[in-house]
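Chemist: Below is a structure I'd like to ask you about.
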Amino acid sequence: MKKTFLIAVGFMLYAAAMWYYLIHGAQTDLPVQFRGSAADPTMFMNERQLKLSYDFSRIKDWIYFLSVPLEWLIYLIVLGFGLSKRMRGAVKEVTRFSFIHTALYVLLLSFISWILTFPLRYYSYTISRDYHISVQPFKGWMKDSLIDFWMGWLFTVLTVVVIYFFIRKSKKKWWLYAWLISIPFTIFLYFIQPVVIDPLYNKFYPLKDQVLKEKILTLADRADIPASNVYEVNMSAKTNSLNAYVNGIGSNLRIVLWDTTIDKLNDKQVLFVMAHEMGHYVMKHLYQNLIGAIILSFFGLFLGSRIYSWAVSKWGKQWGIKGIGDIAGLPVLLLIFSLLSFAAGPVENAVSRKAEKDADRYAIEMTKNPDAAVGAFQQLTISGLSEVNPPKLVKFFLYGHPTMLERITFLDSYRQTYEPNEREKANKQNGQ
Numbered sequence: 001m002k003k004t005f006l007i008a009v010g011f012m013l014y015a016a017a018m019w020y021y022l023i024h025g026a027q028t029d030l031p032v033q034f035r036g037s038a039a040d041p042t043m044f045m046n047e048r049q050l051k052l053s054y055d056f057s058r059i060k061d062w063i064y065f066l067s068v069p070l071e072w073l074i075y076l077i078v079l080g081f082g083l084s085k086r087m088r089g090a091v092k093e094v095t096r097f098s099f100i101h102t103a104l105y106v107l108l109l110s111f112i113s114w115i116l117t118f119p120l121r122y123y124s125y126t127i128s129r130d131y132h133i134s135v136q137p138f139k140g141w142m143k144d145s146l147i148d149f150w151m152g153w154l155f156t157v158l159t160v161v162v163i164y165f166f167i168r169k170s171k172k173k174w175w176l177y178a179w180l181i182s183i184p185f186t187i188f189l190y191f192i193q194p195v196v197i198d199p200l201y202n203k204f205y206p207l208k209d210q211v212l213k214e215k216i217l218t219l220a221d222r223a224d225i226p227a228s229n230v231y232e233v234n235m236s237a238k239t240n241s242l243n244a245y246v247n248g249i250g251s252n253l254r255i256v257l258w259d260t261t262i263d264k265l266n267d268k269q270v271l272f273v274m275a276h277e278m279g280h281y282v283m284k285h286l287y288q289n290l291i292g293a294i295i296l297s298f299f300g301l302f303l304g305s306r307i308y309s310w311a312v313s314k315w316g317k318q319w320g321i322k323g324i325g326d327i328a329g330l331p332v333l334l335l336i337f338s339l340l341s342f343a344a345g346p347v348e349n350a351v352s353r354k355a356e357k358d359a360d361r362y363a364i365e366m367t368k369n370p371d372a373a374v375g376a377f378q379q380l381t382i383s384g385l386s387e388v389n390p391p392k393l394v395k396f397f398l399y400g401h402p403t404m405l406e407r408i409t410f411l412d413s414y415r416q417t418y419e420p421n422e423r424e425k426a427n428k429q430n431g432q
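The following block contains the structure:
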């Protein structure tokens, strides 16, 4: 009990320290050399938007830095208060079938986690509503939350059943067998996501604007993307943010535009955004992400298996865990995987930022319209109340994209090079 109290106090002190850092300690002022440039938010945002952007970013960043250790704290509470062994005993009394036993245990653990994280998730939702990023009614938000819960429960059950099956078969090599099984499963998820998972949350339909559709398909044809349709998703019922993407593999490839993007950007800006997304496809970023996920899961399972065995041997008796094959040890395993995922996050972000920068370069080379490109990112900043120059710690842990300062500065520098070159070409042609 004393340890639990100390952990809770430590969490509150951590929350206070993060708030102080984000409000007082973080350096977010625009460097002098960028003031007055296209990347300077004062050049395209009014005072109210600047204030809202700063406040919204601070609160959302703080929520993120609370949510991650909160998950770890929940697992420790479940273990420290003996809830895990009690849940194991409770589900055993209900059924003797191993699969149902595992499914019920995961359901109880998932429900505890869902309930304890609900206040923070609800607070995040209300903040998005208050700042007019989200326009989704509470009913719709709860529906999506429940879909998340049941989808998460289903995937966790399938994963846990496989892992514990192999643990009971081979206590030393279970991680390798689990990894081998995960490969086709991961590929399958990439394949079905656009047509099975995504439609659970949103409505997709062919792009209504036929002129814009033809322009996008022409762009796709230039990029050798085998697309015959462009899909629009009704996101205006949920958010004012903008987005577009190309996802799926093989025959399930989809080009998708949020309707908010169509409403708030002109056609040239939309084409730049779509060229960026096509760049990911052309440069095989989707497949690189897939391979990266498979490689990371290999090392994650290997390290996780070692740490799990060590943790159970050291604290298993105290937590009521009979061995690494005991389902009561699942919170330990999930805690370890969460910690490893958090540690790998900055590396994944750095790789992702490189891919995003390459896609920006591809898009501007394809569209050759720097004004539209800069305008698109400025509008994205306004619509999402994004921070142009976020704190370094926030960028390190959260940003899978370059900052808006970096992206707009890159495109603006291209404009300064491109326009004189175009004038020189035009002068030569006129001279001839």
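Numbering (the UniProt record's numbering), first residue to last: 1 to 432.
Ideal placement from N, C-alpha and C gives every residue a C-beta, glycine not left out.
Between which two residues does the beta strand (DSSP E) carrying residue 206 extend?
Modeler: 204-206
Chemist: Which of helix, strand or coil does DSSP assign to residue 236?
Modeler: coil
Chemist: My assumption, with CB atoms under 8 angstroms, is that residue 160 sits in contact with residue 330. Please give the rounded CB distance.
Modeler: In this structure residue 160 is in contact with residue 330, their Cβ atoms being roughly 6 angstroms apart against a cut-off of 8 angstroms.
Chemist: Tell me the DSSP bridge mates of residue 246?
Modeler: 255
Chemist: Skipping 5 residues on each side, what residues in its chain have a beta carbon closer than 6 angstroms to that of residue 112?
Modeler: none
Chemist: Helix, strand or coil for residue 231? Go by DSSP, reduced to three states.
Modeler: strand
Chemist: Does residue 383 come out as helix, strand or coil in the three-state DSSP assignment?
Modeler: helix
Chemist: Between the Cα of residue 370 and those of 72, 101, 270 and 290, spot the shortest distance and give me the residue it belongs to.
Modeler: 270
Chemist: Looking at C-beta atoms only, is the number of pairs between the region 207-223 and the region 160-180 that lie closer than 8 angstroms three or more?
Modeler: no
Chemist: Hey, how far is the Cα of residue 390 from the Cα of residue 45?
Modeler: 16 angstroms
Chemist: Give me the Cα-Cα distance between residue 102 and residue 168, rounded to the nearest whole angstrom.
Modeler: 14 angstroms
Chemist: If you reduce the DSSP assignment to three classes, tell me which class residue 426 lands in.
Modeler: Unreliable positioning characterises residue 426 in this predicted model, as indicated by a pLDDT of 49, which lies under 50. The coordinate reading is nonetheless provided below. The answer is helix: DSSP assigns residue 426 an H, G or I state.
Chemist: Taking three-plus beta-carbon pairs below 8 angstroms as touching, is the region 33-41 in contact with the region 68-82?
Modeler: Short answer: they don't touch.
Chemist: Rounded to whole angstroms, what is the Cα-Cα separation between residue 13 and residue 228?
Modeler: 55 angstroms
Chemist: Express the C-alpha separation of residue 247 and residue 196 in angstroms, rounding to a whole number.
Modeler: 13 angstroms
Chemist: Go to residue 182, then tell me how far its alpha helix (DSSP H) extends in each direction, as first and last residue.
Modeler: 174-192
Chemist: Grab the span of the alpha helix (DSSP H) containing residue 196 for me, first residue to last.
Modeler: Careful: residue 196 lies outside any alpha helix (DSSP H) and carries neither H nor E.
Chemist: Mind checking whether residue 379 and residue 408 have CB atoms under 8 angstroms apart?
Modeler: Result no, Cβ atoms of residue 379 and residue 408 do not sit closer than 8 angstroms.
Chemist: Under three-state DSSP, which class holds residue 134?
Modeler: strand
Chemist: Could you compute how far the alpha carbon of residue 294 sits from the alpha carbon of residue 68?
Modeler: 23 angstroms
Chemist: Output yes or no for whether 8 angstroms exceeds the beta carbon distance between residue 242 and residue 264.
Modeler: yes
Chemist: So what's residue 21 in DSSP terms, helix, strand or just coil?
Modeler: helix
Chemist: Ends of the alpha helix (DSSP H) at residue 284?
Modeler: Counting along the chain, residue 284 falls outside any alpha helix (DSSP H), and DSSP gives it neither H nor E.
Chemist: Starting from residue 87, trace the alpha helix (DSSP H) in both directions and tell me its first and last residue.
Modeler: 83-94
Chemist: Spatial neighbours of residue 357 within its chain, please: CB distance less than 6 angstroms, with the 5 preceding and 5 following residues excluded, ordered by chain position.
Modeler: 402
Chemist: Given a cut-off of 8 angstroms, decide if residue 259 and residue 235 are closer than it, judged by their beta-carbon atoms.
Modeler: yes
Chemist: Can you tell me which of the three DSSP states residue 342 falls into?
Modeler: Helix.
Chemist: So what does DSSP say about residue 276, is it helix, strand or coil?
Modeler: helix
Chemist: Using a Cβ-Cβ cutoff of less than 8 angstroms, which residues in the same chain neighbour residue 183 once the five nearest sequence positions on both sides are dropped?
Modeler: Contacts found: 294.
Chemist: Out of 151, 186, 60 and 109, state which residue places its alpha-carbon closest to the alpha-carbon of residue 199.
Modeler: Looking at the Cα atoms, 151 is the closest of the given residues.
Chemist: Any contact of the region 312-332 with the region 200-209, i.e. 3+ C-beta pairs under 8 angstroms?
Modeler: For the pair of segments examined, the region 312-332 was found not to touch the region 200-209: the number of CB pairs separated by less than 8 angstroms stays below three.
Chemist: Using the Cα positions of residue 51 and residue 376, report the straight-line distance between them to the nearest angstrom.
Modeler: 21 angstroms
Chemist: To the nearest angstrom, how far is it from the Cα of residue 405 to the Cα of residue 384?
Modeler: Going by the C-alpha atoms only, they are around 15 angstroms apart.
Chemist: Please classify residue 277: is it buried, with 16 or more other beta-carbons within 10 angstroms of its beta-carbon, or exposed?
Modeler: buried
Chemist: Here's a check: name, in chain order, each residue in its chain whose Cβ is nearer than 8 angstroms to the Cβ of residue 92, leaving out the five neighbours to either side.
Modeler: 101, listed in sequence order.
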